[in-house]
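In what follows, a structure is listed as structure tokens, so that the remarks can point back to it.
So, in structure tokens, the structure goes:
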């Protein structure tokens with residue numbers, strides 16, 4: 032992926048744009064100088080929690096044979112994506128909070144945005160695959176093991192990557208060949224599409240169409256597939272004769288619905304809302320949901336809502352206590 036990115040970025044148009052200036056300045060929350068130390072400790076604690084929580088979740092699902100199921104295959108893949116996703120942005124945010132120089136190079140900004148979009152887009156499609164997994168488990172339980180075999184699970188994962196890799200190479204290249212104005216200050220904590228488009232000194236109509244097309248592919252279409260899956264799932268749950276059975280089945284889906292609401296809700300607001308001065312400040316805050324809060328809450332949500340995970344975590348913690 033890195034080789035593809037470098038090859039594409041090293042075109043004449045890209046070199047010409049890059050040579051015009053040294054890089055961008057990530058403003059972040061520089062207007063709050065007295066809170067920089069507090070924000071550094073806050074983001075550092077959150078980042079440590081993300082690494083620890085998701086790392087422990089991966090370890091538990093890999094080492095416990097009882098969790099060797101399609102659902103937990105997707106969950107540990109999701110946790111791995113969350114670790115990579117936050118590692119693309121948070122370390123640079125932490126550096127900018129403790130140093131005066133808040134610049135990021137032209138190539139660095141492009142690479143950061145590319146991997147953020149790649150991992151975020153993969154997560155969108157993975158969440159849709161997880162909804163299909165729950166649909167098969169609840170609506171076709173007798174055929175679940177036959178349909179959701181390891182080959183299909185791996186196929187979903189590699190298909191998500193195969194779609195995202197070329198799509199975002201083109202999107203980032205198209206965006207970074209735009210001419211930028213004299214001001215290279217990005218009003219955000221990281222390099223993202225909406226604040227970068229605000230700096231362009233050219234007609235951005237085509238770029239906006241590209242952004243909306245990508246948002247439709249990775250946000251709207253998967254969300255519609257998830258919605259249709261859960262309509263069928265809820266319909267099947269309501270037909271169950273046992274009240275306890277309905278509660279048990281719904282509890283297995285509620286954690287997934289919570290994560291979907293947080294991730295898709297914040298991403299749709301940022302990438303599909305019209306641009307204005309008021310919405311820019313809102314987007315800077317909302318973007319923290321899918322960059323920081325969702326990766327932090329994911330292992331907590333899935334651990335608390337899944338009995339099998341709580342049992343495995345109990346075994347792990349008791350083993351650590353004895354050692």
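Residue numbers (my numbering): 32 to 354. All C-beta atoms in this analysis are idealised placements derived from N, C-alpha and C, irrespective of residue type, glycine included.
query                                                                                                                                                                  : result
Considering only the alpha carbon of each residue, which of 330, 265, 54 and 149 lies closest to residue 119?                                                          : 149
For residue 233, name the three-state secondary structure that DSSP assigns.                                                                                           : coil
Could you check where the beta strand (DSSP E) with residue 57 kicks off and where it finishes?                                                                        : 54 to 57
Which partner residues does residue 211 have in the DSSP bridge list?                                                                                                  : 231
Quick one: measure Cβ to Cβ for residue 138 and residue 220, integer angstroms, because I've assumed they're closer than 8 Å.                                          : That belief does not hold up - the Cβ atoms of residue 138 and residue 220 are roughly 19 Å apart, past 8 Å.
Quick check on residue 23: does DSSP put it in helix, strand or coil?                                                                                                  : Look at the range of the chain in this structure, 32 to 354, and you will see that residue 23 is not part of it.
Which first and last residues belong to the alpha helix (DSSP H) in which residue 322 is found?                                                                        : Unbroken run through residue 322: none, as it is neither H nor E.
By how many angstroms is the C-alpha of residue 161 removed from the C-alpha of residue 102?                                                                           : 7 Å
Taking 7 Å as the cut-off, does the CB of residue 180 come closer than this to any heavy atom belonging to the ligand GDP?                                             : Absent from the structure shown: the ligand GDP. Ligands present: none.
State the DSSP-derived secondary structure class of residue 266, mapped to helix, strand or coil.                                                                      : helix
For residue 122 and residue 58, I'd like the C-alpha separation in whole angstroms.                                                                                    : 15 Å
Grouping DSSP H, G and I as helix and E and B as strand, with all else coil, what is residue 339?                                                                      : helix
The beta strand (DSSP E) with residue 134 in it runs from where to where?                                                                                              : 134 to 136
Check whether the stretch 85 to 99 touches the stretch 140 to 147, counting contact only when three or more Cβ pairs, one atom from each stretch, lie closer than 8 Å. : no
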